[in-house]
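Remarks on the structure that follows.
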Ligand code: 4NP
């Protein structure tokens with residue numbers, strides 16, 4: 184069984200598809216599986232936002248085959264680690280947890296860079312175009328830390 188990691192944002196079209204693509208590119212595929220989901224239902228079945236696809240492509244990643252899906256409480260059973268992009272996602276996901284074991288799987292992704300500071304990955308959906316580059320840089324930096332930790336822990 185691979186170690187399973189889930190990236191969660193609101194729409195599952197901007198931030199978490201980038202996070203999925205970036206982390207997957209840093210982990211060996213035989214041992215790890217990375218997926219993403221949104222807490223909202225607006226974009227079920229949709230491709231990622233074209234700005235996320237373009238930002239990934241500029242950095243050598245193809246995320247265009249991803250399709251949006253909504254986070255479900257069964258994801259707590261499937262996934263070993265659940266990384267959320269912001270504190271609103273955190274509240275929503277935690278509210279669906281049925282046990283402490285489930286809650287312990289959930290962490291704010293940027294806590295891996297700034298422990299206990301609860302820093303959000305800002306939602307770039309309604310923002311300036313450069314927001315996507317900023318989000319990419321943040322996620323790339325934190326996924327370096329996460330991938331190193333995961334590989335060390337599960338080798
Ligand atoms: P994401 O961005 O959570 O990074 O995917 C959003 C995309 C769409 C919406 C909100 C956030 N929306 O309201 O449709």
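Residue numbers (this note's numbering): 184 to 338.
Note that CB positions come from ideal geometry on N, CA and C, so glycine has one too.
Query, Result
"Within the region 222 to 248, ranges of the alpha helix (DSSP H) (whole runs, at least 4 residues)", "233 to 241"
"Close Cβ partners of residue 206 (< 6 Å) along its chain, the five nearest in sequence each way excluded", "217 and 326"
"Short Cβ contact (8 Å threshold) for residue 228 with residue 243", "no"
"Closer than 7 Å to ligand 1: residues, by C-beta to nearest heavy atom, in chain order", "192, 193, 194, 195, 196, 197, 198, 199, 221, 223, 225, 226, 232, 268, 306, 307 and 308"
"Those residues which DSSP pairs with residue 220 across a bridge", "191"
"In DSSP terms, what residue 291 is bridged to", "267"
"Closer than 7 Å: residue 267 CB and nearest ligand 3 heavy atom", "In the structure on display, ligand 3 does not appear, and the ligands it does have are ligand 1."
"Delimiting residues of the alpha helix (DSSP H) encompassing residue 297", "First-last for residue 297: undefined, no H or E at that position."
"The region 232 to 240 touching the region 304 to 319, judged by at least three CB pairs closer than 8 Å", "yes"
"Assigned secondary structure, residue 320 (DSSP; H/G/I helix, E/B strand, else coil)", "helix"
"Whole-number beta carbon distance between residue 200 and residue 249, since they are thought to touch under 8 Å", "5 Å"
"When 209, 197 and 203 are compared against residue 335, the one with the closest alpha-carbon", "209"
"Opening and closing residue of the alpha helix (DSSP H) in which residue 310 lies", "That residue, residue 310, is in no alpha helix (DSSP H); it is neither H nor E in DSSP."
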